[in-house]
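Visitor: Read the sequence shown against the working numbering and you will find it ends at 818, with the numbers running on by one and no gaps.
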Amino acid sequence: LNAANTPTTNVTYGSGEEYRLLSQSLEITGVQQGSVLVAQPIDNLFSLSRSIQIVLFTVTSIFALTALWFWLAALLTFTRPLSQLTDATTKMSQGDLNQKVKPAYWFFRDEITVLTENFNSMAETLSESYASLEEKVKQRTQELAVARDAAVAANKSKSEFVSVVSHELKLPMTSIKGY
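(1) Given 8 Å as the limit, is there contact between the stretch 730-738 and the stretch 764-776, that is, 3 or more CB pairs closer than that?
(2) Assign A706 to one of two classes, buried (16 or more other C-beta atoms within 10 Å of its C-beta) or exposed (fewer than that).
(3) Count the other C-beta atoms from every protein chain shown that fall within 10 angstroms of the C-beta of I667, then say buried if there are 16 or more, exposed otherwise.
(4) Does the count of Cβ pairs from the stretch 719-729 and the stretch 687-696 closer than 8 Å reach three?
(5) Buried or exposed, going by whether 16 or more other CB atoms sit within 10 Å of the CB of T718?
(6) Quick check: P680 and S662, are their CB atoms within less than 8 Å of each other?
(7) Could you tell me the distance, in whole angstroms, from the CA atom of K777 to the CA atom of I751?
(8) With DSSP run on the structure shown, which of helix, strand or coil describes P720?
(9) Buried or exposed for A762, going by 16 or more other Cβ atoms inside 10 Å?
(10) How long is the line joining the alpha carbons of I815 and V804, rounded to whole angstroms?
(11) Within 10 Å of its beta-carbon, does T755 have 16 or more other beta-carbons around it, so buried, or fewer, so exposed?
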């Protein structure tokens, strides 16, 4: 056992039990005084290793489940509502003003829920304003058509009046000049 840096060997006793022997030299003031020999049953070493593996697997599983829970919570709380808001604003920018995003919250009203509710209110107000604006444009167009027709009629009356007055003035002028 003294030949290796950390001398170890396996020994099987007559009862059939296997032990791992660990040896370490004992030096005092640079002079080797002896060796320390420790024997540990191999079954105990592996049972300890299995126990450590079970603990590590359990802790890793708990961390994985916690991470999965946080991922799902983030998906439901942040990512999906923000994605829906982004889609709705994109459609509004393309001219589809009838957009509504369903506010979804599980435990409390957070900032994203308030943002969603405000977006829905803004979209409804914008849609109503656009509809009333279209109605005003139709009304103004009709008013302008009536005013245009009146202006055309007034222009026609003016042209006829000027023509008649011009004719009436030319007739006496012609006789005065002697033409």
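All residues carry an ideal CB built from backbone N, CA and C; glycine is no exception.
Please read these numbers as outputs of a predicted model, since none were measured by experiment.
Guide: Result, derived from the coordinates:
(1) Between the stretch 730-738 and the stretch 764-776, the count of C-beta pairs closer than 8 Å reaches three or more; the two stretches touch.
(2) Position 67 of the sequence shown holds residue 706. With fewer than 16 other Cβ atoms within 10 Å, it is exposed.
(3) Counted from its first residue, the sequence shown places residue 667 at position 28. When all chains shown are included, I667 counts as exposed.
(4) no
(5) As a position in the sequence shown, residue 718 is number 79, starting the count at 1. Exposed: under 16 other Cβ atoms inside 10 Å.
(6) The sequence position of residue 680 within the sequence shown is 41, counting from 1. The sequence position of residue 662 within the sequence shown is 23, counting from 1. No, Cβ-Cβ distance for P680 and S662 is not below 8 Å.
(7) Translated into positions along the sequence shown, residue 777 becomes position 138. Translated into positions along the sequence shown, residue 751 becomes position 112. Their backbone Cα atoms lie some 39 Å apart in a straight line.
(8) What you label residue 720 is simply residue 81 of the sequence shown in a count that begins at 1. Helix.
(9) Stepping through the sequence shown from its first residue, residue 762 is reached at position 123. Answer is buried; the Cβ neighbour count reaches 16.
(10) Mapped onto the sequence shown, residue 815 falls at position 176. Mapped onto the sequence shown, residue 804 falls at position 165. Their Cα atoms are separated by approximately 17 Å.
(11) Working through the sequence shown from its first residue, we reach residue 755 at position 116. Its Cβ being crowded by 16 or more others within 10 Å, T755 is buried.
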